[in-house]
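So this is what it looks like as structure tokens:
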């Protein structure tokens, strides 16, 4: 239960949640902003230790803790180890949040002690690499890796002890959180969802080509996608592939596409509205996510919902949380992870049969509208906020209607 000091804002106003992300925000983290903007009974204030150079739009109300007197490394350690931050104290005293919501387990580590010191309820959402890769400490020197893993396990358990609620963005991620020691009584699945206020899918005759959207990193499986397209039979091999996104693998992928003689457009990072337009013209969406060398796995994959909402059938690997986003044989086709020939076969099946692709795309859109509407998922989140902060929905402004 929160103390009276932090019971929220004055009567008649919506309570405030302080949304915490250590680095505010990456290109791929628009879902954090969407969730914040969709709140109805609550308000959100975004706070982080540092601002990234990403293209994600920042609100004027976002706050970054850049104290020019205290070196950033020292500031981070004071907050992480002792829960001490004069800047954050000033923000909390001014805005009086009712709770803190930390996105990503690794980011929750940096705020958990602070939440306990200030007696603020803490909600934590696990997303992907923070649950599948970070605990493995694969970036640490091999000899130190066991020590690093043990230390991270202790940090994760400290977060779970401090948290009033722990959310996994999929059943796959929730199971991972439970394996790390999250309390089953306070842990559950919380699909984020996507904004569904978009136009109807384009007619099939306007659709052409394969589209990929995502970061160009090991986990996203783009080399497998290029190999699969190169193996398409006959005239299908001339299909246009559009790769939307950027990352450290861009140059090797450009070279691979040229070596394979493929028609590929590397479109770079695009704004959400541009991505939606590109998806609306695609015949097939393919993002063969797979386990990276670091252990990083796809926690869910919001882009699969975005493709489905655009009426595009999905082809991917049966990996991580992907089967929760894509219903195999209904909204898309899933093949075993690493099965590049299977990927080729699935792509060929949909490119050869536009009517089947259209049916799957329509089924995908219906499924998103029925089960993954962002507004509905946010209502569930606000109910959880109410419980964590010791409030009932009747004490907050607004209604679920």
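In my numbering, the protein residues as written are 35 to 435. Beta carbons are placed, not taken as given, at the ideal position from N, Cα and C, and that holds for glycine. As the structure is a computational prediction, the values presented were derived from the model and not from experiment.
Asked, Found
"Cβ neighbour criterion (16 or more within 10 Å) applied to residue 327", "exposed"
"Three-way DSSP call (helix, strand, coil) for residue 392 in this model", "helix"
"Per DSSP, cross-strand counterpart(s) of residue 160", "202"
"Distance between beta carbons of residue 241 and residue 363, contact taken as under 8 Å", "20 Å between Cβ atoms; not a contact."
"Nearest-angstrom Cα separation, counted from residue 221 out to residue 66", "19 Å"
"Where residue 137 falls, given that 16 or more other Cβ within 10 Å makes a residue buried", "buried"
"CB-CB length for residue 287 against residue 257, believed under 8 Å", "7 Å"
"Inter-residue Cα distance where the pair is residue 125 and residue 82", "12 Å"
"Collapsed DSSP secondary structure at residue 398 in the structure displayed", "helix"
"Rounded Cβ spacing between residue 184 and residue 158 (contact assumed at less than 8 Å)", "Actually they do not touch by this definition, with Cβ atoms about 21 Å apart."
"Limits of the alpha helix (DSSP H) - the one that residue 379 falls within", "374-386"
"Local conformation of residue 403 per DSSP, three classes", "helix"
"Contact under 7 Å by Cβ, residue 283 with residue 264", "no"
"Touch test, the stretch 395-411 against the stretch 343-363, Cβ-Cβ under 8 Å, three pairs minimum", "yes"
"CB-CB length for residue 384 against residue 262, believed under 8 Å", "About 12 Å; that fails the 8 Å criterion."
"Local conformation of residue 116 per DSSP, three classes", "Unreliable positioning characterises residue 116 in this predicted model, as indicated by a pLDDT of 44, which lies under 50. The coordinate reading is nonetheless provided below. The answer is helix: DSSP assigns residue 116 an H, G or I state."
"Neighbourhood of residue 330 by C-beta, 6 Å cutoff - its chain only, sequence neighbours within 5 removed", "163, 166, 167, 253"
"Secondary structure of residue 101, DSSP reduced to three states", "At residue 101, the pLDDT of 45 sits below 50, so the modelled position is not reliable; the number obtained from the coordinates is stated separately. It is coil, neither helix nor strand."
"Whole-angstrom distance between residue 270 and residue 402, CA atom to CA atom", "29 Å"
"Helix, strand or coil at residue 300 [DSSP, three-state]", "strand"
"Between the CA atoms of residue 120 and residue 127 - distance to the nearest angstrom", "10 Å"
"Proximity of residue 332 and residue 369 at Cβ, strictly below 7 Å", "no"
"Beta-carbon contacts of residue 208 that lie in its chain and below 7 Å, excluding the five residues immediately before and after", "202, 221, 222, 223"
"Supposed close pair residue 275, residue 302 - CB separation, criterion 8 Å", "Actually they do not touch by this definition, with Cβ atoms about 15 Å apart."
"Per-residue DSSP class, three states only, for residue 361", "coil"
"Helix, strand or coil at residue 174 [DSSP, three-state]", "coil"
"Reduced DSSP category for residue 151 - H, G, I as helix; E, B as strand; rest coil", "helix"
"Three-state secondary structure assigned by DSSP to residue 214", "coil"
"The ligand ATP heavy atom lying under 6 Å from the CB of residue 176", "Inclusion of the ligand ATP in the displayed structure is not the case, the ligand content being empty and no account of it being possible."
"Residue 310 - DSSP class collapsed to helix/strand/coil", "helix"
"Minimum length 4: unbroken alpha helix (DSSP H) runs contained in the stretch 252-298", "256-264, 284-294"
"Coil, strand or helix - residue 419 by DSSP", "helix"
"Boundaries of the beta strand (DSSP E) in which residue 349 is found, first to last residue", "348-352"
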